[in-house]
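2 protein chains.
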Amino acid sequence: MERLIDTYRQTNVQLSGHGKREVGVLKRAFEQVREDEPSDQYGQGKTIRQFEEKMAHVLGKESAVFFPSGTMAQQIALRIWCDETGKKAVAYHPLCHLEIHEQDGLKELHHIEPILVGDENRLMTLEEIQALPDIACLLLELPQREIGGELPTFEELVAIHEHCRDKRIYLHLDGARLFESLPYYEKEASEICALFDSVYVSFYKGIGGIAGAILAGPKAFCETSKVWKRRYGGDLISLYPYILSSDYYYELRKDKMQGYRDAAVQLAARFNELEGVWTTPLIPVTNMFHLHFQGDEEEVGERMVRIQQETGVGITGHLVEKDGYCSTEISIGDVYSHITSNQLDDVFRQFNSK
Amino acid sequence: MERLIDTYRQTNVQLSGHGKREVGVLKRAFEQVREDEPSDQYGQGKTIRQFEEKMAHVLGKESAVFFPSGTMAQQIALRIWCDETGKKAVAYHPLCHLEIHEQDGLKELHHIEPILVGDENRLMTLEEIQALPDIACLLLELPQREIGGELPTFEELVAIHEHCRDKRIYLHLDGARLFESLPYYEKEASEICALFDSVYVSFYKGIGGIAGAILAGPKAFCETSKVWKRRYGGDLISLYPYILSSDYYYELRKDKMQGYRDAAVQLAARFNELEGVWTTPLIPVTNMFHLHFQGDEEEVGERMVRIQQETGVGITGHLVEKDGYCSTEISIGDVYSHITSNQLDDVFRQFNSK
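If you read the sequences in order, they're chains F and H.
Heads up, the first sequence is in the UniProt record's numbering, so the first residue is 1 and it goes up one at a time.
Heads up, the second sequence is in the UniProt record's numbering, so the first residue is 1 and it goes up one at a time.
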């Protein structure tokens, strides 16, 4: 729906995100960086090494490697664990990024067979994991983005960890939004990561950088991942535009995750008071939730267009039509705090007035 | 040799390159870019589309796709031509980038068997190409970097093109340094590319950008390459740090290639006058040549260290020891023009005075 995205782009503030993805994001990150700060060079040099060492420490892992993308990092992680065990099968959630957003890269490039665990509308259970056939690696995504950012309890994570350890199944963490999960667990990143053999984190979701990812794990695993990074063409002569901006926005936002989550909880509560509107989870556990509206895309879209035009607040630029309702994703970032309470009241008044 | 690279880094000017690879390269490219210039988004948006269309036009191809690296772009090009023909074999020079710098990515990720054509110390010949078994694709690198940037004549290129056309072998151009070759051919890029089915060009060699590559060819080929780019994890949410800087440095340097080449020819002539020193090619055909010194690494290295310290001119930071001599690569860029004629005379006086 063209008008939906157009009116969304014309709003001054939005419920989601850290603001527009534009060159200013790069410029702000580099304002304080000296001109003579040296580039990394094919994975070497202090610019990349310092950030890798810092993130290895944050994640409590022996070693860490900077990658241009999580797609590249995670396929490589699974490949390494497959090679390590001599098995060509891994397991993950049916709505895992590798399954729905990567054009079957894992299968096409590595001939690794993924086993989809559980139902796509909920988290996988320990029982489902226990029933898996022999696999090299289980990938868990924390939070599970495509179902609104759900999280298992820490106790469930420990039980999954123990099962995998006993069965000699490598456990990999898709932590694209790991930092966003920490308020729920009330733990440090390293305490969560200690349950996993390898971890990927992203720097352009809650952190709001330009692009980039870290893959962390044992030293030998990370060294092998560098060989694969070269094979993939991800070992660029210079990754510093992503490294230095990732570091900048990590420092800027790492301690704001509790605030984003609190805002998500409050906002979801207000939406859930509306007729024909509900969220999943009902009470968000991270900074994100899915927002559902009864009605078809045309009808719901028109309503959004009108509200966005009249209030100047961006709700969404994109709706997914389901069976009798439409859905979108809300992901709280810095911009939410720029919305005045009057503006927000105005939004909900408009929703109420049909 | 630690002291060689250290003294090289301490020099103010160097025979090769466009200056130090540091954050200033990024800052200069973005100085004039507006803060509200939108990011590309997973390969979409005007920032990436405009540059792709521009380069498709420059290279005379129907379509073009921006990639983070040539490694990724070229493996994908060869894979597509293999799939197109149903064959799993390609051919290239023994010192092709895919053979020596990519950790066997083509074999490990695609199980494509490369056939190495000809002798590693010279260009491949038409006769050697005619003697090849059935292959999907022949890759030609213009200029052949690892032998000092040699180039076949245009007539030889035409003959290779006609042979491949007749035998239904796809012809791919590794044009990492294509722009640097144009003065030799006295032709437009599109006239060279017309002989090839697909073309890759780089933006951080002679062009001196941060990183990035363009893959160009028929529309269907390019569309398929985008699917593979996604599989590889190269379809980043934002590639603009590389795209906009590639464009900036392309515009800055595309018309300077003749000057770089003229300087390379003059500089090589002066080296060839020295005793125990010679270049390949003897007369450079692009902005680059290999520079050889009789003696072992220790002896030649010490001499370089002294000359670099005494003249402030960087010759090299890295020597490769061969059988009785040492080699390095010289690649002329903007910095060469900052060396005064007195400084250069000083360098050659030092070389003469042993």
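From the three backbone atoms N, C-alpha and C, an ideal C-beta is built for every residue, glycine too.
All values derive from a computational prediction rather than experimental measurement.
Does residue 204 (chain H) come within less than 9 Å of chain F when only Cβ atoms are used? Locating residue 204 (chain H) in the second sequence gives position 204, where the first residue counts as 1. Under the Cβ distance rule, residue 204 (chain H) counts among the residues neighbouring chain F, one pair being separated by less than 9 Å.
So, helix, strand or coil for residue 91 (chain H), using DSSP? Here residue 91 (chain H) refers to the residue found at position 91 when the second sequence is read from its first residue. Strand, per DSSP.
Comparing the C-beta of residue 124 (chain F) with each C-beta of chain H, is any distance below 9 Å? One-based indexing of the first sequence puts residue 124 (chain F) at position 124. Residue-level contact by beta carbon fails for residue 124 (chain F) and chain H, as no gap is shorter than 9 Å.
Under 7 Å from the C-beta of residue 27 (chain F): neighbouring residues of chain H: Working through the first sequence from its first residue, we reach residue 27 (chain F) at position 27. Under a criterion of Cβ atoms nearer than 7 Å, the residues of chain H adjacent to residue 27 (chain F) are, in order, 30, 35.
Please tell me whether residue 239 (chain F) has its Cβ less than 9 Å away from any Cβ of chain H. Position 239 of the first sequence, counting from 1, holds the residue named residue 239 (chain F). Output row for residue 239 (chain F): interface = yes.
Taking the runs of the beta strand (DSSP E) that are 3 residues or longer, which of them lie wholly in the region 203-279 of chain H? Every beta strand (DSSP E) of 3 residues or more that sits fully in the region 203-279 of chain H is shown, in chain order, as 213-217.
Using DSSP with H/G/I as helix, E/B as strand and the rest coil, what is residue 96 (chain H)? In the second sequence, the residue the question calls residue 96 (chain H) occupies position 96. Secondary structure of residue 96 (chain H) (DSSP, three-state): coil.
Between which two residues does the beta strand (DSSP E) containing residue 335 (chain H) stretch? As a working note, residue 335 (chain H) is residue 335 in the second sequence. First-last for residue 335 (chain H): undefined, no H or E at that position.
Flag residue 20 (chain F) as yes if its beta-carbon sits less than 9 Å from any beta-carbon of chain H, otherwise no. Start at 1 with the first residue of the first sequence, and residue 20 (chain F) comes out as number 20. Proximity of residue 20 (chain F) to chain H, defined by a Cβ-Cβ separation below 9 Å, is satisfied.
In three-state terms, what does DSSP make of residue 42 (chain H)? Working through the second sequence from its first residue, we reach residue 42 (chain H) at position 42. Reduced to three states, the DSSP call for residue 42 (chain H) is coil.
Terminal residues of the alpha helix (DSSP H) in which residue 174 (chain H) lies: Numbered from 1 along the second sequence, position 174 holds the residue referred to as residue 174 (chain H). Element bounds for residue 174 (chain H): not the alpha helix (DSSP H) but the beta strand (DSSP E), 170-175.
Taking residue 42 (chain H) as the reference, give the member of F:13, F:63, F:204 with the closest Cα. For the purposes of this step, residue 42 (chain H) is taken as the residue at position 42 of the second sequence. With distances taken between Cα atoms, residue 42 (chain H) lies closest to F:204.
When the Cβ atoms of the region 308-319 of chain H are set against those of the region 8-28 of chain H, are three or more pairs found closer than 8 Å? As far as the Cβ criterion goes, the region 308-319 of chain H touches the region 8-28 of chain H, which means the pair count is three or higher.
Compare the C-beta of residue 210 (chain H) with all C-beta atoms of chain F and state if any pair is closer than 9 Å. Numbered from its first residue, the second sequence carries residue 210 (chain H) at position 210. At least one chain F Cβ lies under 9 Å of residue 210 (chain H).
Would you call the region 107-118 of chain F and the region 77-93 of chain F in contact, with 3 or more CB pairs under 8 Å? Segments in contact, yes.
Can you look up residue 314 (chain F) in the DSSP assignment and give me helix, strand or coil? The sequence position of residue 314 (chain F) within the first sequence is 314, counting from 1. Note: residue 314 (chain F) maps to strand in three-state DSSP.
When DSSP labels each residue in this structure, what does residue 115 (chain H) get in the three-state scheme? To locate residue 115 (chain H), count along the second sequence from 1; it is residue 115. The answer is strand: DSSP assigns residue 115 (chain H) an E or B state.
Per DSSP, which residues does residue 327 (chain F) bridge with? Please list them. Along the first sequence, one-based indexing puts residue 327 (chain F) at 327. Residue 327 (chain F) has F:292, F:320 as its beta-bridge partners, per DSSP.
Residue 84 (chain H) - DSSP class collapsed to helix/strand/coil: Locating residue 84 (chain H) in the second sequence gives position 84, where the first residue counts as 1. Residue 84 (chain H) falls in the helix class under three-state DSSP.
Cα separation between residue 153 (chain F) and residue 185 (chain F)? The residue labelled residue 153 (chain F) in the question sits at position 153 within the first sequence. The residue labelled residue 185 (chain F) in the question sits at position 185 within the first sequence. A straight-line Cα-Cα distance of about 8 Å links residue 153 (chain F) and residue 185 (chain F).
Residues of chain F with CB under 9 Å from residue 105 (chain H), in chain order? Sequence index remark: in the second sequence, residue 105 (chain H) carries index 105 (1-based). Going along chain F in sequence order, the residues near residue 105 (chain H) (Cβ under 9 Å) are 228, 230, 231, 232, 233.
C-beta contact flag for residue 57 (chain H) and residue 208 (chain H) at 9 Å: Residue 57 (chain H) sits at position 57 when you count from the first residue of the second sequence. Residue 208 (chain H) sits at position 208 when you count from the first residue of the second sequence. Against a cut-off of 9 Å, the Cβ pair of residue 208 (chain H) and residue 57 (chain H) comes out as no contact.
Check whether the Cβ atoms of residue 10 (chain F) and residue 343 (chain F) sit closer than 9 Å, and answer yes or no. One-based indexing of the first sequence puts residue 10 (chain F) at position 10. One-based indexing of the first sequence puts residue 343 (chain F) at position 343. No, Cβ-Cβ distance for residue 10 (chain F) and residue 343 (chain F) is not below 9 Å.
Specify the secondary structure class of residue 32 (chain F) as computed by DSSP and reduced to three states. Translated into the one-based positions of the first sequence, residue 32 (chain F) becomes position 32. Note: residue 32 (chain F) maps to coil in three-state DSSP.
For residue 65 (chain F): DSSP bridge partner residues: In the first sequence, counting from the first residue as 1, residue 65 (chain F) sits at position 65. Partner(s): F:215.
Please report the Cβ distance between residue 85 (chain H) and residue 136 (chain H), rounded to the nearest whole angstrom; I am assuming they are in contact, meaning their Cβ atoms lie under 8 Å. Locating residue 85 (chain H) in the second sequence gives position 85, counting from the first residue. Locating residue 136 (chain H) in the second sequence gives position 136, counting from the first residue. In this structure residue 85 (chain H) touches residue 136 (chain H) by the C-beta definition: roughly 4 Å separates them, less than 8 Å.
Would you decide whether residue 52 (chain H) is buried or exposed? Buried here means 16 or more other CB atoms lie within 10 Å of its CB. As a working note, residue 52 (chain H) is residue 52 in the second sequence. With 16 or more Cβ atoms within 10 Å of its Cβ, residue 52 (chain H) is classed as buried.
Nearest to residue 217 (chain F) (by Cα), restricted to the options F:224, F:198, F:176, F:134: To locate residue 217 (chain F), count along the first sequence from 1; it is residue 217. Nearest neighbour of residue 217 (chain F) by Cα position, chosen from F:224, F:198, F:176, F:134, turns out to be F:198.
Under 9 Å between the Cβ atoms of residue 72 (chain H) and residue 226 (chain H)? Translated into the one-based positions of the second sequence, residue 72 (chain H) becomes position 72. Translated into the one-based positions of the second sequence, residue 226 (chain H) becomes position 226. Result no, Cβ atoms of residue 72 (chain H) and residue 226 (chain H) do not sit closer than 9 Å.
Grab me the residues of residue 263 (chain H)'s own chain with a C-beta within less than 7 Å of its C-beta, minus the 5 sequence neighbours each way, in chain order. Within the second sequence, the letter at position 263 stands for residue 263 (chain H). Taken in chain order, the residues that qualify are 332, 336.
So which of F:187, F:245, F:150, F:102 has the shortest CA-CA distance to residue 33 (chain F)? Your numbering for residue 33 (chain F) matches position 33 in the first sequence. Taking only the C-alpha atoms, the option nearest residue 33 (chain F) is F:245.
Tell whether a beta-carbon distance below 9 Å holds between residue 239 (chain H) and residue 36 (chain H). Reading the second sequence from its first residue, position 239 is the one you call residue 239 (chain H). Reading the second sequence from its first residue, position 36 is the one you call residue 36 (chain H). No; because the gap between Cβ atoms is not below 9 Å, this pair is not in contact.
Whose CA, out of H:109, H:107, H:129, H:249, lies closest to the CA of residue 117 (chain H)? Here residue 117 (chain H) refers to the residue found at position 117 when the second sequence is read from its first residue. For residue 117 (chain H), the nearest C-alpha among the options comes from H:129.
CB contact check: residue 201 (chain F) to chain H, cutoff 9 Å: In the first sequence, residue 201 (chain F) corresponds to position 201, counting from 1. For residue 201 (chain F), the answer is no, since every Cβ of chain H falls outside 9 Å of its Cβ.
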